[in-house]
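S.K.: One structure coming up, written as C-alpha cells, with questions to follow.
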Ligand SMILES: C[S@@+](CC[C@H](N)C(=O)[O-])C[C@H]1O[C@@H](n2cnc3c(N)ncnc32)[C@H](O)[C@@H]1O
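Numbering (my numbering), first residue to last: 1 to 283.
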C-alpha cells in the first residue's frame with residue numbers, strides 16, 4: 001500500500017473525526033516510518049509501506065481514533081521545551097503551559113544552584129532545566145515509583161545527570177535546595193471538563209483535595225517549617241504551577257502561614273499558570 005493510500009483509507013475510515021484528529025494520522029505515520037516530520041509524507045506519497053508498517057500504523061490509528069487515547073500515549077512521546085520525552089500511562093503528559101516554569105526558573109537560577117523538582121513525573125522539568133544549564137545541581141522526586149522509572153529513563157536518554165529520590169513532598173529530602181519547582185496535582189474533581197479529557201492519565205498525578213490545593217498547601221507549609229529551623233538567613237525560591245482560578249485562595253493561605261510560622265513570602269513571578277515566590281524567615 002502507498003503512503004497516500006493509507007492516509008486516504010484512514011480518512012475514509014475515521015471520517016467523522018474532527019480535522020485536528022485526522023492530522024494525527026499523518027503524525028502516526030511519521031512515527032511508524034521513523035522520519036523527521038510530516039513534510040516527508042508530502043514528498044514521498046507514492047512510496048510503498050511494508051506489511052509491518054501498515055500493521056503498526058493501523059494499530060496506532062485504532063488506539064487513537066477508536067479508543068481516543070491521547071496521541072502522546074499512542075506514540076509514547078511528547079515534546080516539551082523543544083525536546084522529546086518518553087511517556088506512558090504511568091505519568092502525566094507534559095503540558096505546554098508548564099514550559100513557562102522553565103523560563104521562570106531560568107530568570108533567577110545561576111550555575112551551581114541546587115534545584116529540586118517535586119513531583120517530577122516524566123522528569124520533563126528537571127531534565128530540561130539541567131540541559132538548559134548543566135551547571136545546576138538538579139534533584140527530582142516523586143511519590144510514585146512508576147513515575148520515577150519513567151523519569152530515570154528520560155534522564156538517561158537525554159544524558160542528564162540528576163539525583164532522584166522517592167519522597168512524599170519534602171519528607172525524604174535533606175537540606176533545603178535554593179530553588180523548588182513543583183507541578184503537583186492541582187485539579188479539583190468537581191471541575192466539569194475533567195472527566196473525559198483526563199481519563200487516561202494517572203489520577204494521583206492530576207487530582208487533589210481541598211479545591212485542588214491540598215498538595216501545594218502542604219508543600220508550602222513544609223518549606224516554611226524547614227526554613228525556620230535552619231540557623232542562617234536562608235532564602236528559597238518556589239515556583240508552582242496551578243490553575244489561575246486558585247491564585248487568590250493560595251494567596252490568603254500563604255498570608256496565614258507566614259503569620260503563624262514567622263516566615264516572609266514575596267511574590268516574584270505571576271503569569272498564567274505559574275507563580276514564583278521568594279521565602280525566608282521574618283527578620
Ligand atoms: C501534575 S503531575 C506533574 C508531572 C511533571 N512534573 C510535569 O510537569 O509534567 C504531578 C506529579 O506529582 C506526583 N505527586 C503527587 N503527590 C505527590 C506527593 N505528595 N509528593 C511527591 N510527588 C507527588 C505525581 O506522582 C505526579 O508524577
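Each residue gets a CB set at the ideal place from its N, CA and C atoms; glycine is no exception.
Compute every distance between the C-beta of residue 170 and the non-hydrogen atoms of ligand 1, then say whether any falls below 6 angstroms.
M.R.: no
S.K.: Between residue 10 and residue 172, what straight-line distance do the alpha-carbon atoms span, to the nearest angstrom?
M.R.: 50 angstroms
S.K.: Could you tell me the boundaries of the alpha helix (DSSP H) in which residue 277 lies?
M.R.: Run containing residue 277: none in the alpha helix (DSSP H); it sits in the beta strand (DSSP E), 274 to 281.
S.K.: Considering Cα atoms alone, identify which of 134, 164, 251, 158 is closest to residue 146.
M.R.: For residue 146, the nearest C-alpha among the options comes from 164.
S.K.: Tell me whether residue 111 is buried or exposed, calling it buried when 16 or more other Cβ atoms sit within 10 Å of its Cβ.
M.R.: exposed
S.K.: Can you say whether residue 52 is buried or exposed, counting buried as having 16 or more other CB atoms within 10 angstroms of its CB?
M.R.: exposed
S.K.: Rounded to a whole number of angstroms, what is the C-alpha to C-alpha distance between residue 50 and residue 1?
M.R.: 8 angstroms
S.K.: Kindly examine ligand 1 and report whether one of its heavy atoms sits closer than 6 angstroms to the Cβ of residue 223.
M.R.: When distances are taken from the beta-carbon of residue 223 to the heavy atoms of ligand 1, even the shortest one reaches 6 angstroms or more.
S.K.: Going by C-alpha distance, which of 70, 176, 28, 84 is nearest residue 228?
M.R.: 176
S.K.: Report back the beta-carbon spacing between residue 108 and residue 273 to the nearest angstrom; my notes put them in contact at under 8 angstroms.
M.R.: Going by Cβ atoms, the distance from residue 108 to residue 273 rounds to 18 angstroms, so no, they are not a contact pair.
S.K.: Going by Cα to Cα distance, which pick from 74, 142, 183 is closest to residue 167?
M.R.: Nearest of 74, 142, 183 to residue 167, Cα basis: 142.
S.K.: Looking only at C-alpha atoms, which of 79, 199, 283 sits nearest to residue 232?
M.R.: Of the listed residues, the one whose Cα sits closest to residue 232 is 283.
S.K.: Would DSSP call residue 126 helix, strand or coil?
M.R.: helix
S.K.: List the whole-angstrom C-beta distance separating residue 243 from residue 212, where the pair is believed to meet the contact cut-off of C-beta under 8 angstroms.
M.R.: 7 angstroms
S.K.: Check this for me: beta carbons of residue 278 and residue 222, under 7 angstroms apart or not?
M.R.: No, they are not a contact pair.
S.K.: Quick one: grab the DSSP three-state call for residue 25.
M.R.: helix
S.K.: Give me the DSSP bridge partner(s) of residue 2.
M.R.: 48
S.K.: State the Cα-Cα distance for the pair residue 66 and residue 125, rounded to the nearest angstrom.
M.R.: So the two alpha carbons sit approximately 32 angstroms from each other.
S.K.: For residue 82, verify whether its CB is less than 6 angstroms away from any heavy atom of ligand 1.
M.R.: Distances taken from the Cβ of residue 82 to the heavy atoms of ligand 1 include none shorter than 6 angstroms.
S.K.: Thinking just about the alpha-carbon of each residue, which of 83, 132, 270 is nearest to the one in residue 245?
M.R.: Nearest neighbour of residue 245 by Cα position, chosen from 83, 132, 270, turns out to be 270.
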